[in-house]
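Going by UniProt numbering, the first residue of the sequence shown is number 1, and it counts up by one from there. Note that CB positions come from ideal geometry on N, CA and C, so glycine has one too.
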Amino acid sequence: MGHPLGLELLTVLGMDPVQHVTLAADLGCKAVSMGLSQLPERFNPHGYPAWSLREDAGLLREVKAALTDRGVAISIAEGLEVSSSVDPGECAPDLDMFAELGALRVRAVDPGTERSRALDQLAVLAEMAAQRGLEFSIEFSPALTIRTLDEALDAVRHVGEGKATVLIDSMHLFRSGGSVRQIAELDPALIGHVQLSDAPRRGEGDYMSEAVSGRMIPGQGELPMREFVEALPRGQVLGLKVPLMAAAASGRSARDYVGEIVKRTRELLV
């Protein structure tokens, strides 16, 4: 296939990070995305016990050991947002912890800050990440202030050449009007991380709700998955972002349905 697979945080729906890393390794995945605490309760249909790497030094040590022992990387660190009410400097302890875990990069989103303020805050976060040896990626989505790939590239230019990359989520890309051709023509150095999931071409209702409950295994929706992947740089990690909420709520084990996601993606992209 030429592209190692990863398991995104949302795909494992509340599972603790040691189990997450272990499952990824057992399924032959080389990377995970990771936050510092469990996702909100609505993203935890299994009812996994609450966890926090900020509050549990023992769990932090276990995660570091699991990543090393199983040969799994944190390809993207989750949870950073720019905000009109939070100073970027307050993110320093989280960035320190991600650096301690050996994360390759962090991603930041802007859920609704005024545009110029958001860009300035992203520049501050990018500098803070660089000081810790972390790459910095900017995510775009139709539901965020930075809505499209072109707007994300504008943000990268504002941050400064070589200081930021773009996180490309396949659902967000195509739903925001993006194309395979844009990806093929993009400088590979600007692609920091890729999240892969399928979906209908057009959605109905609230977009963010659909982005959680309406994502599909690659090949089961209407997006040009194979062409999208072929347009990416060779060797790009593909983080599988497929939260199968209905499967989890039905009682299927995470190992079962996440294994199906990995298997079907490999079959599609061979």
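Counting other Cβ atoms within 10 Å of its Cβ, Thr165 reaches 16 or more and is therefore classed as buried. With 16 or more other Cβ atoms from the protein chains shown falling within 10 Å of its own Cβ, Asp94 counts as buried. Counted as a single uninterrupted DSSP element, the alpha helix (DSSP H) harbouring Asp154 occupies residues 149–159. By the Cβ-count criterion, Gln195 is buried, with 16 or more other Cβ atoms from all chains shown falling within 10 Å of its own Cβ. It is roughly 11 Å from the alpha-carbon of Ser37 to the alpha-carbon of Leu59.
In the three-state reduction of the DSSP assignment, Val258 falls in the helix class. Of Leu53, Cys29, Leu232, the smallest CA-CA separation from Met97 is found for Leu53. Per DSSP, Ala73 is one residue of the beta strand (DSSP E) stretching across 73–81. Cβ contact annotation for Ser141 (same chain, cutoff 6 Å, sequence separation greater than five): His172, in chain order. Inter-residue distance for Phe43 and Leu7 is about 16 Å (C-alpha atoms, whole angstroms).
In the three-state reduction of the DSSP assignment, Met171 falls in the helix class.
Under the DSSP assignment, Ala31 falls in the beta strand (DSSP E) whose first and last residues are 31–34.
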